[in-house]
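K.L.:
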Amino acid sequence: MERRTATSLLGWGVLLLFVAPLCAGFLGTLLPAFGLVPGLAETEGFSVLFADARFWPAVRLTLQTGFLATALVMVLTIVCLVCVQRTRVWRWVLASLPPLLAVPHAALAVGVLFLITPSGWVARVFSPWLTGWERPPDFWVAPDAEGMTLVLGLVVKEFPFLLLAALAQLPSLNVEASLSIGRTLGYSPARCWSRLILPQLYPRIRSTLLIILAFNLSVVDMALLLGPGNPPTFSVFLMSLVNDPGMRAAASAGALILALGVFASFVGLYGLEQLISLWAKARRANGRRGATLNRWRGVGVGLVSAVLLFSVLGLVMLVLWSFTRRWRFPDALPQQWSAAHWATRSDVLVQPLVLSVYFAIGTMVLAIVAAVVWLELERLNRVPQINSVWFIPLLVPQVTLLFGWQAVALLMGADGHWLTVLYSHWVYALPYVVLILATAWREHDPAWHHAANTLGGGYWRVLSRVHMPLLAKPLCQAAAVALAVSVAQYLPTLLLGAGRYQTLAIELVTSFGGVDRRVIAALALMQSLLPLLAFFAALIVPWIIMKPRARAWQR
Amino acid sequence: MRTNTRKKTAKSLLFSLLATLALSLPTAHAIEPDSDWTAVVEEARGQTVYFNAWGGSDRINSYLQWAADNLQEQYGVTLKHVKVGDIAEVVGQLEAAKQVGRNEDGNVDLMWVNGENFAAMKRNSLTWGPFADNLEHTNIVKDSPSIQFDFSVPVDGLESPWGGAQLVFIHDTAVMDEPPQSAAELLTYVVGGARFTYPAPPAFHGTTLIKQFLIELTDNPEALAKPVDAATFDEVTEPLWVYLDTLHPELRGKGKSWPNSGEATRQLLDDGEVDIALSFNPNEATAAVRSGQLPDSVRTYVFRDGTIGNTHFVTIPWNASAKAGAMVVANYLLSPEAQARKANPDYWGDPTVLDLTRLNEEDRKAFTDIDLGVWALPIGSGKVLPEPHASWAEALEQAWIERYGS
Amino acid sequence: MATLTVTSLSIQLPGGQPMIDELSFSVASGEVLALTGPSGSGKSSILAWLTGTLASNLKSTGTATLDDIALNPLSTEQRHLGLMLQQDYLFPHMTVGQNLLFGLPPGVKQERWQKVCRSLKAAGLDGMENRDPATLSGGQRARVSLLRTLLSEPKALLLDEPFSRLDSDRRSKIREFTWQVASDLPILLVTHDADDIPPAAKTLALR
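Chains as they are written, first to last, in numbering that gives the first Met the number 0: chain A, 0 to 554; chain B, 0 to 405; chain C, 0 to 206.
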C-alpha cells in the first residue's frame with residue numbers, strides 16, 4: 000500500500016514539474032498585465048498597449064499571416080492527399096516528410112530566404128538568359144511588408160506536419176474502399192475525397208490544425224527572420240516591449256491579448272468549420288458526380304512537389320552558401336568555393352554547437368525518463384490517463400507563457416541559469432515525447448508482460464529486458480523528436496537564459512541581420528544536421544538493438 | 000475595495016518571496032571603482048565576466064573570442080561575450096533589476112554602450128562608478144572631446160572608451176562612379192533610379208543616418224547640441240520629414256520594408272539590390288573585400304561636408320557580479336595589443352582611441368604597419384561632425400516610428 | 000441486352016509470374032457468372048481490373064467491353080459497374096437515406112427523396128431513411144448497401160464475396176433479395192462458398 004502511494008506520488012511529481020511553470024508563467028503574465036507586481040509592473044498595461052501606434056497594424060498583420068498560412072497548409076494537405084497519392088511522386092513525398100519535420104524553423108527560414116529574395120537562387124537560375132536581368136529585379140523584396148515571405152516559410156514548414164498527422168489517421172478510414180465504392184458509383188476521385196473521406200478525416204486532424212494555427216499566430220523566430228519589421232507581427236512587437244522596463248505591463252497585457260486572440264481564433268475556426276460542414280452536408284448527397292479532371296491532378300502534383308522541392312532546395316542553399324567564397328548575382332553557382340570559414344570561424348560555430356548538443360541531450364534524457372515514468376505508472380493504474388494537459392504548451396502561445404516565466408525567474412533570481420533553460424526545453428519537449436510514446440505504450444500488448452512475468456522475471460527485469468526493447472522504436476523516435484525540439488528552441492533560451500546561452504537557435508536569429516551569409520548558412524546547416532542525425536539514429540538504433548535478440552529467439 | 004485587497008495579497012506574496020531570496024544572496028565584493036590596481040587584478044583572477052555586447056558581426060565576435068583567450072592567459076579572467084541585438088534591451092533589463100532591488104549578483108558585468116543608452120544609464124544610476132580613470136591604460140588614451148563627452152553627456156569616468164566610429168558610405172564603382180555627396184544629392188540620385196535603403200530606426204545605422212540628414216537639412220542646427228525641447232522639436236525637424244516623405248517611396252522596398260542592420264545593407268550591395276551601403280566603420284569595406292564579401296570595385300567615402308562620428312565605450316553596471324574582472328577586461332581592451340588588432344581591418348578595422356604619440360616605438364609601429372587598403376575611407380578625408388545631444392536619438396526614433404513604422 | 004465481355008485477360012505479379020493467364024468470358028443480362036477458386040487465385044484482381052483500380056505493381060493485358068463499349072480507356076467512375084465488397088461500407092457520416100441519395104443520380108430534390116423512400120420500402124426497410132447506419136443490423140446494412148449500388152443505375156454488377164460476413168440465416172435471404180432486384184443485370188460473383196451460387200449460374204473455377 001505504501002509503495003503504491005510512493006510510486007503514484009512520483010507520477011504526480013512529474014506532472015507537477017510540468018504544470019508548475021505553466022501556471023507560474025500564466026500568473027507571471029497575468030499579474031504584471033494588470034500592474035499588480037511591485038517593482039516590475041505597477042500600472043496596468045492595456046492602455047499603454049492600445050495607445051501604441053504599432054498595435055493595430057501588428058494585429059492585422061498577424062491575423063493575415065497566421066490565417067493565410069494555416070489555410071494554405073490545410074489546402075496543400077488536401078491537395079496532396081487527393082492528387083498525389085498513387086502517383087510516382089508519392090514515394091518522394093513520403094521520404095521527404097521526416098527530414099523536413101526535423102529541420103528547425105529558423106534554419107529552414109534562412110534557406111527559404113536564400114531562394115526567394117530578388118537576388119536569391121530562383122532569380123539567379125533564370126537570369127539573365129530567361130529574364131534578361133543583369134542585376135536583381137527591384138519590384139519585390141523579401142522579407143516583404145505584407146508578410147507573404149513569412150507565410151511562405153510557415154507553409155513550407157507546417158505542411159509536412161499536417162500531412163503526417165493526416166497520414167497517420169488514414170488507415171482507420173478505409174480510404175481505398177471508400178474510393179472504390181465512390182468511384183464505381185460514378186464519383187470523381189476529388190468528389191470521393193470531399194464527400195466521403197474529408198468529413199471523416201477532419202475531426203481527427205483538428206487538434207493538429209489548432210496547434211498549427213496557434214503557432215502561426217504567435218511564432219517569434221521565423222517572424223524575426225522572414226516577417227516584416229515595421230510594423231512587425233504581434234509577437235515580435237511584444238518582444239520589443241518586454242525588455243523595456245517601463246513596458247513590462249504593456250508586454251504582459253499584449254501576451255494576454257495574444258493568448259485570448261489565439262483562443263478566439265480557435266472559436267472562429269470552429270464556427271467556420273460548422274458553416275462549411277452545413278454547406279457540405281447539404282451538397283453531399285445531391286448526386287452530382289463531378290468531372291474527372293486529370294489536368295487538375297497534374298496541377299496538384301506540381302504544387303505539392305514545388306513546395307517540397309522548395310524546402311529541400313532551401314537546405315541545399317545552406318550547404319552551397321556555407322562553402323562559398325564569392326557568389327554574386329546572376330551566377331547560378333558560386334564563382335569561388337571555400338571551406339575556409341568552417342575553419343576560420345570555428346570560434347563562432349563550435350561553441351553554439353556544443354551548447355546546443357548539451358541542452359538537447361539533457362532535454363532528451365529528462366523528457367524520456369519523465370514520459371516513461373508517467374506512462375508506466377499510468378499502465379499500472381497509479382495515475383489516471385490525462386491527455387489534454389500535455390497539449391497546453393503547444394496551444395498557448397510561447398510568448399504568453401514565457402513572458403510570465405521570465406518574470407518569475409527574474410523575481411527568483413533564477414534567470415540566466417542553465418537549469419532554468421534546460422527546464423524550459425524539457426517542458427516544450429515533453430508533450431511530444433508523451434504523445435508519441437503514449438500510443439505505443441497503450442497499444443502495447445499486455446500479454447508480453449504477463450508472459451514475461453509468468454516466466455519469473457521481476458518488475459525491473461521485465462521492464463528493461465522485455466518492455467523497453469520491444470518499444471525501442473517509439474522510444475528512439477521520441478528521443479529524436481525531443482532533441483529536435485530542444486535544438487529549435489529560440490524564445491525559451493533567449494528569455495530565460497538572459498542571453499547567456501548562445502545556442503545555434505539564438506546565434507542564428509540574433510546574428511542574422513549582420514553576419515557573413517556564409518557563416519549564417521553554416522550555423523543553419525548545423526542546426527539542421529543535429530536533428531537529422533538524430534532521426535537517422537532513431538531508424539538505425541532499434542534495428543541494432545532488436546537484431547541479436549531476434550536471432551537468439553530464432554535459435 | 001476588493002480589488003485593492005487582492006492587489007495587496009499579491010504584493011505581499013511577492014515581497015515575502017523576494018525577501019527570502021534576498022537573504023540567500025552572497026555578500027558584496029570589496030572592490031571599489033578606485034581600488035588599488037594590483038588589488039583589482041588580484042581579485043579578478045578566476046572571475047567570469049559576462050560582456051553584453053552587440054553580436055551582429057561575426058568579425059567582432061571573433062575579435063572578442065581572441066580577447067577572451069588572451070585575458071584567460073594573461074589575467075586568469077574568463078570573458079563571456081553575451082551577444083545582444085540592441086544594447087537598449089540590456090539597459091532595460093538593468094532598470095528592471097534596479098526596480099526589483101537586485102543590487103548584487105547581476106547578469107551583466109560589462110557592456111558596450113554609448114550615446115542615448117549611456118545617458119539613460121547615467122540618469123538612472125545604473126553605472127557602477129568612475130572606474131575608467133583608474134585603469135592602467137587610461138594615460139595612453141586620446142584627449143578628445145568625443146571621449147570626454149558622449150553625445151554631449153559628460154562621461155565622468157563612468158565608461159571607458161573602446162573605439163571610434165564614423166558614418167561612412169560604401170559604393171560600387173562598377174555601378175556608380177560618382178556617388179552623391181550630400182543628403183540633397185542622395186535624394187536626386189534615388190529619385191533618378193539609384194537603389195538605396197537604410198535600416199529602420201531604432202537600428203543605430205538608421206538612427207544615425209536620419210540624424211545626419213537632420214544636421215544637413217535643419218534651419219536650426221544649434222538646437223541639436225542641446226537636449227530636445229518639445230516646444231521646438233516639430234519646427235526643427237520639419238525639413239527632415241519633408242525630405243523622408245519624398246525619399247521613402249523611391250527606396251528599395253518602397254519605404255515599407257527595411258533591412259535590419261547596416262551590415263545587411265553591405266550584403267545587399269554585394270547582391271546588387273542597393274547601390275550604396277551604410278557602415279559605421281571606415282575600414283569595413285577593406286575587411287569585406289578581403290574576406291570575399293564585397294567586390295574589388297567598392298570604395299568608401301563620406302559626404303562632402305562630413306558625417307557624424309562618435310566614440311563607443313564599455314561600462315560596468317552597479318550590480319555587476321565580477322566588477323574587478325570587468326575592470327581588467329576594460330583595461331585590456333585599451334591595451335596597445337588589443338587596440339592594434341582592433342584597428343586592423345583583417346580582424347575588425349575600428350579606429351583606435353589611443354594617442355599614438357604616447358606609445359613606445361614598437362607599439363606605435365603595430366598601428367602604422369596596418370594596411371588599410373584602397374577600399375577603406377582614405378585617412379584624413381572624412382570630416383567628422385559631432386553627434387547631436389543624446390536625447391535626440393530617442394525623440395527622432397519615436398517620431399520616425401510614428402510616421403513610418405506602423 | 001447488356002453483356003459484359005472479357006477477352007484474353009492476363010495479369011502478372013510483380014515478379015513476372017502469371018496470376019491470370021489468357022482468361023476470356025462473357026456474362027449477359029440476367030446471367031450470373033460465379034468466379035471461384037482458392038485465395039490468391041486472382042478472383043478479386045479480376046474485379047479490380049474491371050473497375051480500373053488494379054494495384055499499379057500488377058501488369059495486365061486484355062480487353063473488357065460492356066454494351067459493346069470498351070471499358071479499358073474509361074476511368075473507374077465512367078464504367079458504370081456496380082461494386083459490392085465483403086463489407087457494406089455504408090458511410091458513417093451520412094444517414095441511411097443520405098447513403099442512398101449518394102448513389103442516386105442528380106435530379107429534383109423531392110423526387111430523389113421519394114425514390115429513396117420507395118426503394119427502402121420495397122426492401123422491407125420502411126421508415127429507416129433517417130437512421131444512423133451504425134444502428135442497423137448486418138442484414139439491413141447489406142440491403143442498404145445493395146440498394147445504394149443499384150440506385151446508381153449500373154450496367155453490370157460485380158460482387159466480391161458480399162455475403163461472407165453475414166450469418167447463415169440472413170445470408171440466404173439477402174442472396175434471394177440480390178438475385179431478385181438485380182435480375183436484369185449481368186452479374187459477376189466472386190465467392191468461395193458454393194451455397195452462394197444460384198442454380199442457374201455459370202461457374203468459372205480459377206486455380
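We treat Cβ as the ideally placed atom computed from N, Cα and C, and that holds for glycine.
Please report the distance separating the alpha-carbon of L555/A from that of A119/B.
P.N.:
What the structure shows of chain A is the stretch from 0 to 554, and residue 555/A is not part of that stretch, so it cannot be assessed.
K.L.:
List the residues that DSSP assigns as beta-bridge partners of E158/B.
P.N.:
On the second sequence, position 159 is the one that residue 158/B refers to. Looking at the DSSP assignment, E158/B forms a beta bridge with T314/B.
K.L.:
For the beta strand (DSSP E) containing W407/B, list its first residue and its last residue.
P.N.:
No statement about residue 407/B is possible, as the shown extent of chain B runs from 0 to 405 and does not include it.
K.L.:
Tell me the DSSP secondary structure of A21/B in three-state form.
P.N.:
For the purposes of this step, residue 21/B is identified with residue 22 of the second sequence, where counting begins at 1. Unreliable positioning characterises A21/B in this predicted model, as indicated by a pLDDT of 44, which lies under 50. A coordinate reading is not provided.
K.L.:
When we look at the beta-carbon of R101/B and count the other beta-carbons within 10 Å, is it buried (16 or more) or exposed?
P.N.:
The residue given as residue 101/B occupies position 102 in the second sequence. That one is buried.
K.L.:
Please confirm whether Q84/A has its beta-carbon closer than 8 angstroms to some beta-carbon of chain C.
P.N.:
As a first step, residue 84/A must be located in the first sequence, where it is residue number 85. By this cut-off, Q84/A is not an interface position.
K.L.:
Tell me which same chain residues have a C-beta within less than 8 angstroms of the C-beta of G14/C, skipping the five on either side of it?
P.N.:
What you label residue 14/C is simply residue 15 of the third sequence in a count that begins at 1. Excluding residues within five positions, none has a Cβ falling inside 8 angstroms.
K.L.:
What is the residue span of the beta strand (DSSP E) that P17/C lies within?
P.N.:
Walking along the third sequence from the start, residue 17/C turns up at place 18. Its beta strand (DSSP E) spans residues P17 to A27.
K.L.:
Do you know how far the Cα of L166/A is from the Cα of N71/C?
P.N.:
Translated into positions along the third sequence, residue 71/C becomes position 72. Translated into positions along the first sequence, residue 166/A becomes position 167. Near 31 angstroms, if we compare the C-alpha coordinates of L166/A and N71/C.
K.L.:
Excluding the five sequence neighbours on either side, which residues of its own chain have a C-beta within less than 8 angstroms of the C-beta of L165/C, listed in chain order?
P.N.:
If you number the third sequence from 1, residue 165/C lands on position 166. So the list reads G137, G138, A141 and I173, once near-sequence residues are dropped.
K.L.:
Check whether the region 213-228 of chain B touches the region 383-399 of chain B, taking contact to mean three or more Cβ pairs, one atom from each stretch, closer than 8 angstroms.
P.N.:
Short answer: they touch.
K.L.:
Do we get a CB-CB distance below 8 angstroms when we pair E272/B with the residues of chain A?
P.N.:
Taking the second sequence and counting its residues from 1, one reaches residue 272/B at position 273. By this cut-off, E272/B is an interface position.
K.L.:
If we require 4 or more residues per run, which alpha helix (DSSP H) segments fall completely within the region 371-449 of chain A?
P.N.:
List check, alpha helix (DSSP H) in window: 387-394, 397-411 and 417-442.
K.L.:
What number of angstroms, rounded off, separates the C-alpha of E396/B from the C-alpha of R402/B?
P.N.:
In the second sequence, residue 396/B corresponds to position 397, counting from 1. In the second sequence, residue 402/B corresponds to position 403, counting from 1. Those two C-alpha atoms are separated by around 10 angstroms.
K.L.:
Excluding sequence positions up to five away, which residues of its chain have a Cβ less than 8 angstroms from the Cβ of V388/A?
P.N.:
Counting from one through the first sequence, the residue named residue 388/A turns up at place 389. Here the set comprises L14, F17 and V18.
K.L.:
Between the region 64-93 of chain C and chain A, which residues of the former have a C-beta closer than 8 angstroms to a C-beta of the latter?
P.N.:
Cβ contacts with chain A: S74, T75, E76, Q77, R78, H79, L80, G81, L82, L84, Q86, Y88, F90, P91, H92 and M93.
K.L.:
Could you give the first and the last residue of the continuous beta strand (DSSP E) run that contains K201/C?
P.N.:
For the purposes of this step, residue 201/C is identified with residue 202 of the third sequence, where counting begins at 1. Per DSSP, K201/C belongs to the beta strand (DSSP E) from K201 to A204.
K.L.:
Drop a sphere of 10 angstroms on the beta-carbon of T64/A, count the other beta-carbons inside from all chains shown, and report buried for 16 or more, exposed for fewer.
P.N.:
Reading the first sequence from its first residue, position 65 is the one you call residue 64/A. So T64/A ends up on the buried side.
K.L.:
Which full runs of the alpha helix (DSSP H) of 4+ residues lie inside the region 80-159 of chain A, going along the chain?
P.N.:
For the region 80-159 of chain A, whole alpha helix (DSSP H) runs of length 4 or above, ordered along the chain, are 88-101, 104-115 and 120-124.
K.L.:
When we look at the beta-carbon of Q384/A and count the other beta-carbons within 10 Å, is it buried (16 or more) or exposed?
P.N.:
Looking up residue 384/A in the first sequence gives position 385. Exposed is the call here.
K.L.:
Alpha carbons only, please: which of Q71/B, P201/B and T137/B is nearest the one belonging to D44/B?
P.N.:
As a position in the second sequence, residue 44/B is number 45, starting the count at 1. Sequence inspection shows Arg at residue 44/B; the Asp mentioned does not correspond to that position. Closest option to R44/B, Cα to Cα, is Q71/B.
K.L.:
What does S485/A touch in chain B if you count any residue whose Cβ is under 7 angstroms from its own?
P.N.:
As a working note, residue 485/A is residue 486 in the first sequence. Ordered by position in chain B, no residue passes the 7 angstroms Cβ test against S485/A, which lies about 20 angstroms from the chain.
K.L.:
Mapping the DSSP letters down to three states, classify Q179/C as helix, strand or coil.
P.N.:
In the third sequence, counting from the first residue as 1, residue 179/C sits at position 180. Q179/C: helix per DSSP, three-state reduction.
K.L.:
Taking only three categories from DSSP, how would you classify W53/B?
P.N.:
Taking the first residue of the second sequence as position 1, residue 53/B is located at position 54. Reduced to three states, the DSSP call for W53/B is strand.
K.L.:
Using C-beta distances below 7 angstroms, list every residue in its chain close to A202/B, excluding the 5 sequence neighbours before and after it, in chain order.
P.N.:
Numbered from its first residue, the second sequence carries residue 202/B at position 203. Cβ within range, chain order: N259 and S260.
K.L.:
Closer than 7 angstroms between beta carbons: that is the criterion. Which residues of the region 80-91 of chain B meet it against chain A?
P.N.:
The residues in question are V81, K82, V83, G84, E88 and G91.
K.L.:
Can you tell me where the beta strand (DSSP E) with T555/A in it begins and where it stops?
P.N.:
Outside the shown range of chain A, which is 0 to 554, sits residue 555/A, and nothing can be said about it.
K.L.:
Quick one: what's G163/B bridged to in DSSP?
P.N.:
By 1-based counting over the second sequence, the position of residue 163/B is 164. Paired residues: T310/B.
K.L.:
Tell me whether P443/B sits in a helix, a strand or coil according to DSSP, three-state version.
P.N.:
Residue 443/B lies beyond the range of chain B shown here (0 to 405); nothing can be said about it.
K.L.:
Does L188/C get closer than 8 angstroms to chain A when you measure Cβ to Cβ?
P.N.:
Numbered from its first residue, the third sequence carries residue 188/C at position 189. False, the Cβ-Cβ gap to chain A never drops below 8 angstroms.
K.L.:
Does P473/A have its Cβ less than 8 angstroms from a Cβ in chain B?
P.N.:
Mapped onto the first sequence, residue 473/A falls at position 474. Not an interface residue.
K.L.:
Shortest alpha-carbon distance to L293/B belongs to which of N282/B, T299/B, L157/B and L268/B?
P.N.:
Within the second sequence, residue 293/B is the residue found at index 294, counting from 1. L293/B has its Cα closest to that of L268/B, out of N282/B, T299/B, L157/B and L268/B.
K.L.:
What residues from chain A crowd round T50/C, counting only those whose CB sits closer than 8 angstroms?
P.N.:
As a first step, residue 50/C must be located in the third sequence, where it is residue number 51. S179, R182 and T183, listed in chain order.
K.L.:
Short check: CB of L32/C to CB of I19/C, under 8 angstroms?
P.N.:
For the purposes of this step, residue 32/C is identified with residue 33 of the third sequence, where counting begins at 1. For the purposes of this step, residue 19/C is identified with residue 20 of the third sequence, where counting begins at 1. No, the pair does not count as a contact, with Cβ atoms beyond the cut-off.
K.L.:
Could you give the uninterrupted runs of the alpha helix (DSSP H) lying entirely in the region 110-187 of chain C, keeping only those of 4 residues or more?
P.N.:
Counting whole runs of 4 or more residues, the region 110-187 of chain C contains the alpha helix (DSSP H) stretches 137-150 and 167-180.
K.L.:
Thinking C-beta only, is M83/C closer than 8 angstroms to T190/C?
P.N.:
Taking the first residue of the third sequence as position 1, residue 190/C is located at position 191. Taking the first residue of the third sequence as position 1, residue 83/C is located at position 84. Cβ distance not < 8 angstroms, so T190/C and M83/C don't count as in contact.
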